[in-house]
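What follows is one structure encoded as structure tokens, with my remarks underneath.
Chains as they are written, first to last, in our numbering: chain A, 743 to 1522; chain B, 743 to 1522.
Here is the structure:
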């Protein structure tokens, strides 16, 4: 835990330069616009501790995998997020001295990520070895209005000298991924060009052949006036720059405007991308920094209008939740169905791949409730488009007849992960993809999605489950052997309750979906089953038999579901019995000891009870929570949120708040000692869930005539004065504000919304609000 | 399967050059003397398919490990057998043409490994591109009399030309391991020297700092007379050579004698090793090729006198068993307790490490029965000396108070393997090390080994088992969770029957051993328990409780032991149900599919019934054999031998012979398509076991007054006319010859031996023989 970040409701602020934490600051101050992004690196040269990182969405490299002993079925490569050309660089040389904060005294250092307006600002006074003092103010952003553009305003002022100052704005593509398995470079140069105050470079990824064209152009002001300058073009391998030497007087401010564009071959023909980059550059520089920043402010204001969460009475909590929402919005905008939510977003390059089950299990509800419906829909379409590769993946592992196993980690639909116990066995991910279809339709009411895309995916996944189970003569039940559940501190177990449950649920839902699609659009249904050779009667019969005869491990004595077969052979003990100094166990215990212990990394049975809450009574949830919660070490960032939601539901408000705290400031406080690698983007959605589904008690239930019904059971944690969150629901925008005493629901939409508040039907009229007092009886 | 090797009783012969199989031939024609060895590479340059391999026993390199995701407890490095300096090289240039069998026509090619006399010979006629024909005969060996020495006689004759022929005998240390994880070189040069017709080089391994000094000296004969020559010294980085240009006439034979010495810092001080190498070289060259070869013949004849197996009526089987015995003797001589039996011996570099549980489980009985008692004892001492590191390894994984976990793979006692399911979980290896102590004492009667070394190891291993089990409230038994048994097609299972059994057995044997040592030598016992803080009462009480309450999975219906918990949840089916073309499953099925299947890689429950045969009645063995054998795919080279022995015991002679065939010619026929990487040295001991313990029915049982009793129940497989094998037993050397009709036992020792033959006590007098007819009743 670190707490050098200044608490502020709308900003992430570093006061004073924390050299040793610089990589942490770089992570949390990352900028992104869904299309590209970069860590909070310095523009000028820096020889201290830093991870220079620039990333372009959807551009990846198939790094050769590194394994101990090769197992059949392993993928040959691991798609890595690529560290791409650095476009922010501006070297500053004062006569013969480089400005390098690692080599000079720094005072009045301040770095601020302004989340309200979406920019990063940094200011400091540096005293060079020669005694010269230079004051700098740098501000930059990645535009969310024009997602090909970035802009920097870099201002400096000599405080105690006159001198010639040389500036070298550059684009540098000679970068390596820190996590390259064999220390290879992943980019080749295609072409480059430098002109007066501008430069362009086009790079191509090896193997995958993505092209990225990056351009820059530079304007300089002195005394508030744009000046002409001499520009010396510089070209090295994968590097272009312009060098200008300026006469600078004491107390005179020089301002460099550096504009950049980043175009990738996801959107442009490689043959013309270089030309297009020049055209984009013209468009951007013509608009200018101030106008771009003005638009940026407005666009962010619009976003916040839709999804801000306000916490009164706790600045740390306020900052934490806004940080999470901000980063989620920077990472994924939902504009492009080929993109997804990488585990580190644009804040780092660790893990590689861009898509985990996190997307469906944790992120989807956030985008469902805070963004246009098409955003969540695009997340589903992403998987739909990769169905072919999921079927291919299934075939590779020995499954037949169109059975799909979606990958554990992917960039383009192909599996990237290779640890057998995960890649081949953590198959519950397949269920999450089915569940997301259900979740989306439940929330949006968009049943036609099932007709057009959903059913095809459901059938393919169900085919997998039907083949993956086997009949146990011993148990006279279907069993599922050799899986890893969400709790990755158990590997290769039999009959993981969660996996068995979600498998059986998928089969049930597919059977319902078949009937639904048949009735909604018989022709399209007929086309589909013909195309995918769906033998309706036989496959449904098999699925039904499995649903009716699936085995679920259960302890009749405690009346709890068992995480897997044999769980009770373990020494059952609470986390509190782990000797001091031995946590986190994944940094202190050998792997076999972790596996043999009863300790749970991440909600597993409880994850199932969270997904399928409707199917269990509250006392069942309580018994399982009481059994499993004390054994859970929450060493996955995705765990505490689920526990927090369950605790809220069970009225265990202190526990709910404790669990919420573990997620809310995970990166800001560097809770797991790994923020320097980048932020935990997907778990940020978990924090949002803990607030909205936990404290807010938001649920979607089947109401009259099978219509989705919005349900709210909000409360305000005792530590706070008020909590306000916004949600979209089927065309309406609502704000729910909860204090200790009452709940106010505002309806910003033009039609009335009826919902269930504390079990009572409440109608909130168009553009009005309802206030309801909280009685003690309403709280659980 | 390939069968290009000519069948011959005493030789491995390749007739005609099989270019595509060259790496296979190189493997099977490897030479070794326990101290160093090399693959059957060519002396002259060869640009075709080849794995150049020279190896020096005990000299290893800690290569950085390659893993997917790091797990706590993994070792940082993997000790690799090192490809060392090539001392056999002799380049031959005929004017401007190199002799290179990849670049010319080759006829009358013949390569022969003579196992009776211990040398490799090769002859051929090569037609160079110019049309020049050169006849070559090359013979070489690694001396088992002087284990620092090797010698080559390389003779060539121009058949249709006169020419100047340049020869370049060299030592080349600029080698890389083919299996280097990061393609690094492992050797640095220390010094080198060239003189007239001689050259020396000293290399040092990086990190481990082993020194190896290699020297060569060259003599040349023409027309049967030693000649003087001009010698041009050549030195490159890690390379020394002499170049001589000789006038050669048509039909005139030129003979090069190249002598070499290989000294390692295991036996010499690095400061003087270079000088010592020169002295050794003098000794060797003074002796000369013919005398060395004569001694080599005699020494091999002595070895064969002790351990030959004769099979009448089946040349392929005869060749196969002799090949196995020959390679085992080349790999390990038992002279040096720091050495062990590498899985590839000196025939290749795959796998790395030198010591697996193969040593104790498979190889020990071979050396016990065919070599001096000290050989087997040295194998035990090797582990005794590594006890400290095994305790350190246990501590690293969280075990305390002197609990030892011996490594899965090691060179110097440290763990080298890193796949968690093996490294941390395949802990039954610990039991095999305890069993080997029991096996050795049972065979030799050397109970003082227990006093001096054995008990200390047993207590440390027992401490591990006592901590590794846990009490299951559910079962009211001790359970052992998260293990991998000998059948590596199951990972991370609970209560593997074999592991639970050998753990409980170790505890039992340790309790007995404590009592034995106390009575044999109370003072030494007192010293020991003081030194290792053995709390006798408490530790024995705990051990006894575990022995009495260990859980063993069992199927009461079939009355078989269950390989592990949940085994009966699998779809039970025979190997014969695997569709054609899908075997071996490890090359055709994904890893998860293999894990979920019932198919068994390697004897597991049956391995336990083989080790602890005395503790089970024959019908129990039969039921388990009948249950497991049909599910066993034998995709480990160590599996069929155990099944063969059990089948022999159960009178299933066809099955016994079928299983024997799978091991006997594994490498010669390239059964697993991997002989090119090197031979399966340790499984060769398994073949010997199938003959001697299977067909021969050799057992050691407790006889009168607790003395070991030699038991024989031999038979001759119907395919053979006679089978004769030799064994040593407590000072006596016996030969047992079995035909279809009778058994003849010869006693070569000077005292009478009493043994149990077909259940009858038989005494064979000193230096005489007994003949017993086989009645049908005696056969089972």
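Using N, Cα and C, we set each Cβ at its ideal position, and we do this for glycine too.
ask   = On the three-pair Cβ rule with 8 Å, is the segment 1226-1245 of chain B touching the segment 1286-1304 of chain B?
value = Flag = yes, the segment 1226-1245 of chain B and the segment 1286-1304 of chain B touch.
request  = Say whether chain A places a C-beta atom closer than 8 Å to the C-beta of residue 1218 of chain B.
outcome  = With 8 Å as the cut-off, residue 1218 of chain B does not count as an interface residue toward chain A.
request  = Please go through the same chain and pick out, in chain order, the residues whose beta-carbon is closer than 6 Å to the beta-carbon of residue 1402 of chain A, but skip the five residues on each side of it.
outcome  = The residues 1386 and 1432, in chain order, have a CB closer than 6 Å to that of residue 1402 of chain A in the same chain once the five nearest residues on each side in sequence are set aside.
task = Leaving out five residues on either side along the sequence, give the residues of the same chain with a beta carbon under 7 Å from the beta carbon of residue 1206 of chain B.
result = Cβ within range, chain order: 1136, 1141, 1145, 1146, 1147 and 1172.
ask   = For residue 1424 of chain A, does the count of other Cβ atoms within 10 angstroms reach 16, so buried, or fall short, so exposed?
value = So residue 1424 of chain A counts as buried.
inquiry  = Taking a contact to mean a Cβ-Cβ separation below 8 Å, would you say residue 915 of chain B touches residue 926 of chain B in this structure?
reply    = No.
request  = Locate the beta strand (DSSP E) running through residue 852 of chain B, then write down its first and last residues.
outcome  = Its beta strand (DSSP E) spans residues 847-856.
Residues that residue 906 of chain A contacts on chain B, provided the C-beta gap is smaller than 8 Å = For residue 906 of chain A, no chain B residue has a Cβ inside 8 Å of its Cβ, as the nearest lies near 47 Å away.
inquiry  = Given a cut-off of 8 Å on the beta-carbon distance, is the pair residue 1320 of chain A and residue 1314 of chain A in contact?
reply    = No.
query = To the nearest angstrom, how far is it from the Cα of residue 772 of chain B to the Cα of residue 1409 of chain B?
reply = Whole-angstrom Cα-Cα distance: 12 Å.
ask   = Just checking my contact of residue 1048 of chain A with residue 1112 of chain A at CB under 8 Å: how many whole Å lie between their CB atoms?
value = Residue 1112 of chain A and residue 1048 of chain A do touch by the CB rule: their CB atoms are close to 6 Å apart, below 8 Å.
inquiry  = I want to see whether chain B comes within less than 8 Å of residue 1140 of chain A, judged by CB atoms only; does it?
reply    = Closer than 8 Å: yes.
task = Spell out a yes or no on whether the segment 1367-1382 of chain B and the segment 1454-1462 of chain B are touching, meaning 3 or more CB-CB pairs, one atom from each, closer than 8 Å.
result = No, the segment 1367-1382 of chain B does not touch the segment 1454-1462 of chain B.
ask   = So residue 986 of chain A packs on residue 999 of chain A, CB below 8 Å; how close in whole Å?
value = With 8 Å as the limit, residue 986 of chain A and residue 999 of chain A do not qualify as a contact, their Cβ atoms being about 13 Å apart.
inquiry  = Bridge partners for residue 975 of chain A per DSSP, in chain order?
reply    = In DSSP, residue 975 of chain A forms a bridge with A/984.
inquiry  = Could you compute how far the alpha carbon of residue 1346 of chain A sits from the alpha carbon of residue 1180 of chain A?
reply    = Between residue 1346 of chain A and residue 1180 of chain A, the C-alpha separation is close to 20 Å.
query = Should residue 1523 of chain A and residue 1203 of chain A be called a contact, given that it needs their Cβ atoms to be closer than 8 Å?
reply = Nothing can be reported for residue 1523 of chain A: it is not among the residues displayed for chain A, which extend from 743 to 1522.
request  = Look up residue 1520 of chain B in the DSSP assignment and say whether it is helix, strand or coil.
outcome  = Model confidence at residue 1520 of chain B stands at a pLDDT of 49, short of 50, so the residue's coordinates are unreliable; what they give is reported in the following sentence. Shown here, residue 1520 of chain B sits in a helix according to DSSP, grouped into three states.
request  = To the nearest angstrom, report how far apart residue 894 of chain A and residue 1266 of chain A are at their CA atoms.
outcome  = Cα to Cα, residue 894 of chain A sits roughly 52 Å from residue 1266 of chain A.
Beta-carbon neighbours of residue 800 of chain B, restricted to chain A and to distances below 7 Å = Result: empty, since nearest Cβ-Cβ is about 25 Å, beyond 7 Å.
message = Mapping the DSSP letters down to three states, classify residue 1511 of chain A as helix, strand or coil.
response = It is a strand residue.
message = Checking the sheet assignment: what are the DSSP bridge partners for residue 1053 of chain B?
response = Residue 1053 of chain B pairs with B/1465.
message = Considering just the uninterrupted stretch of the alpha helix (DSSP H) at residue 1175 of chain A, what are its terminal residues?
response = From DSSP, the alpha helix (DSSP H) with residue 1175 of chain A extends over 1170-1186.
key: residue 901 of chain A versus residue 770 of chain A: straight-line alpha-carbon distance, rounded   = When rounded, the distance between both Cα atoms is 31 Å.
ask   = Taking only beta-carbon atoms, is residue 1378 of chain B less than 8 Å away from chain A?
value = Cβ-Cβ to chain A under 8 Å: no for residue 1378 of chain B.
task = Take the Cβ of residue 692 of chain B as the centre, count every other Cβ of all protein chains shown within 10 Å, and call the residue buried at 16 or more, exposed below.
result = Here chain B covers residues 743 to 1522 and nothing more, so residue 692 of chain B does not appear.
query = residue 1333 of chain B CB to nearest chain A CB: under 8 Å?
reply = Closer than 8 Å: yes.
query = Who pairs with residue 865 of chain B in a beta bridge, going by DSSP?
reply = Bridge partners of residue 865 of chain B: B/852 and B/879.
ask   = Would you say residue 1418 of chain A reaches chain B, if we count a Cβ-Cβ gap shorter than 8 Å as a contact?
value = It does not; no Cβ of chain B falls within 8 Å.
request  = Specify the secondary structure class of residue 1425 of chain B as computed by DSSP and reduced to three states.
outcome  = DSSP, read as helix, strand or coil, puts residue 1425 of chain B in helix.
request  = Alpha carbon to alpha carbon, how far is residue 1170 of chain A from residue 1228 of chain A? Give it in angstroms, no decimals.
outcome  = Residue 1228 of chain A and residue 1170 of chain A have their C-alpha atoms roughly 7 Å apart.
Of the listed residues A/764, A/801, A/822 and A/797, nearest to residue 807 of chain A (C-alpha basis) = A check of alpha carbon separations from residue 807 of chain A across A/764, A/801, A/822 and A/797 identifies A/822 as the nearest.
task = Check whether the Cβ of residue 750 of chain A lies closer than 8 Å to any Cβ atom in chain B.
result = The C-beta of residue 750 of chain A comes no closer than 8 Å to any C-beta of chain B.
inquiry  = For residue 1520 of chain A, which residues in the same chain have their Cβ closer than 7 Å to its Cβ, ignoring the five residues on either side in sequence?
reply    = Reliability fails at residue 1520 of chain A, whose pLDDT of 49 lies under 50, so the model's placement of it is uncertain and the value that follows must be treated cautiously. So the list reads 1500, once near-sequence residues are dropped.
query = Would you say residue 1224 of chain A faces chain B, with C-beta separation under 8 Å as the test?
reply = It does; some Cβ of chain B falls within 8 Å.
message = Can you check whether the C-beta of residue 1116 of chain A is within less than 8 Å of a C-beta belonging to chain B?
response = For residue 1116 of chain A, the answer is no, since every Cβ of chain B falls outside 8 Å of its Cβ.
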